[in-house]
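Novice: Before I ask anything, let me first share the structure, which is written out below as structure tokens.
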Amino acid sequence: MKIVMTSKISAQTREPAMKMMVGSVLLLLIVHWPACPAAASVEKTFEDFKREHVDSQPKWEDDPTSYCNYMMPCRNMTASRCKKINTFIHASLEEITAICESRRQRNGNLYCSNSSFTITKCSLTSLYRSTDCKYKGNKKQMRICVACRDERPVHYESPSKCKCLKAVQRGF
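Residue numbers (mature numbering (1 follows the signal peptide of the UniProt record, and there is no 0)): -40 to -1, 1 to 132.
Here is the structure:
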């Protein structure tokens, strides 16, 4: 003899329970969503800034081109395609972060340094979509401009686009 058990939960009982469960999940997402991604994105952007732009102890100081051809792949900026231009700032993270605390704010969240920094600009000389990225390096001493969020640098801005720099060399 075969015994078959069937569930006799009515649709009337299932619907309210399901609505309550979906509502609870949505409430949790709404409550926790704003805090988590915002903190994560600031961290990620600050981390990206450090990886892409900060090098307090540069190698090949007398040969900026060799420096760029070493650093760009080393910092993972040539993995899927060649990054066209990148600037490395040769200072401590503390010195660069101090720019965000200065009073030289311009154009929204852009901040200009009070003093000059040694930088190396790496410009792509090979094909953009190539995986064999070749760069020309150019080392300079100049004031820099960074975008800041929560008193931390998140983006390097070209000095020619930063209006707070009066003596900007054209073409850089």
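Even for Gly, the Cβ is constructed at its ideal location relative to N, Cα and C. Quick caveat, the model's predicted, so the values are computed rather than measured.
Mapping DSSP to helix, strand and coil, what is residue 120?
Specialist: Along the sequence shown, one-based indexing puts residue 120 at 160. The answer is helix: DSSP assigns residue 120 an H, G or I state.
Novice: Look at the alpha carbon of residue 82 and the alpha carbon of residue 112, and state the distance between them as a whole number of angstroms.
Specialist: If you number the sequence shown from 1, residue 82 lands on position 122. If you number the sequence shown from 1, residue 112 lands on position 152. In a straight line, the C-alpha of residue 82 is about 23 Å away from that of residue 112.
Novice: Say whether the region 71 to 80 touches the region 98 to 112, bearing in mind that this needs 3 or more beta-carbon pairs closer than 8 Å, one atom from each stretch.
Specialist: yes
Novice: Can you tell which of 70, 60, 46 and 55 has its C-alpha closest to the C-alpha of residue 11?
Specialist: Walking along the sequence shown from the start, residue 11 turns up at place 51. For the residues 70, 60, 46 and 55, the minimum Cα distance to residue 11 belongs to 46.
Novice: Does the Cβ of residue 39 have 16 or more other Cβ atoms within 10 Å, making it buried, or fewer, making it exposed?
Specialist: Counted from its first residue, the sequence shown places residue 39 at position 79. Its Cβ having fewer than 16 others within 10 Å, residue 39 is exposed.
Novice: Taking residue 6 and residue 114 to be in contact with their CB atoms under 8 Å, please state how far apart those CB atoms are, rounded to whole angstroms.
Specialist: Mapped onto the sequence shown, residue 6 falls at position 46. Mapped onto the sequence shown, residue 114 falls at position 154. Between residue 6 and residue 114 the beta-carbon gap is near 6 Å, inside 8 Å, which marks them as a contact.
Novice: Roughly how many angstroms lie between the CA atoms of residue 93 and residue 86, to the nearest whole one?
Specialist: Locating residue 93 in the sequence shown gives position 133, where the first residue counts as 1. Locating residue 86 in the sequence shown gives position 126, where the first residue counts as 1. Computed Cα separation, rounded: 6 Å.
Novice: For residue 9, tell me which candidate among 19, 91, 29 and 36 has the shortest Cα-Cα distance.
Specialist: If you number the sequence shown from 1, residue 9 lands on position 49. For the residues 19, 91, 29 and 36, the minimum Cα distance to residue 9 belongs to 36.
Novice: Measuring alpha carbon to alpha carbon, tell me which of 122, 96, 119 and 120 ends up nearest residue 43.
Specialist: As a position in the sequence shown, residue 43 is number 83, starting the count at 1. Of the listed residues, the one whose Cα sits closest to residue 43 is 96.
Novice: Using only alpha-carbon positions, find the residue among 120, 74, 28 and 51 that is nearest to residue 17.
Specialist: Counted from its first residue, the sequence shown places residue 17 at position 57. The residue with the shortest Cα to Cα distance from residue 17 is 51.
Novice: CA-CA distance, residue 29 and residue 63?
Specialist: Taking the first residue of the sequence shown as position 1, residue 29 is located at position 69. Taking the first residue of the sequence shown as position 1, residue 63 is located at position 103. Approximately 36 Å, taken between the alpha carbons.
Novice: Going by the beta-carbon positions, is the gap between residue 33 and residue 98 smaller than 7 Å?
Specialist: Start at 1 with the first residue of the sequence shown, and residue 33 comes out as number 73. Start at 1 with the first residue of the sequence shown, and residue 98 comes out as number 138. Not closer than 7 Å, so no.
Novice: Compute the Euclidean distance between the alpha carbons of residue -2 and residue 108, then round it to the nearest angstrom.
Specialist: The sequence position of residue -2 within the sequence shown is 39, counting from 1. The sequence position of residue 108 within the sequence shown is 148, counting from 1. Residue confidence is low: residue -2 scores 42 on pLDDT, short of 50, so the model does not pin down where it sits. Its coordinate-derived value is still stated next. Using only the alpha carbons, I get a separation of about 14 Å.
Novice: Figure out for me which residue from 122, 14 and 84 has the closest Cα to the Cα of residue 57.
Specialist: Here residue 57 refers to the residue found at position 97 when the sequence shown is read from its first residue. Cα-wise, what sits closest to residue 57 is 14.
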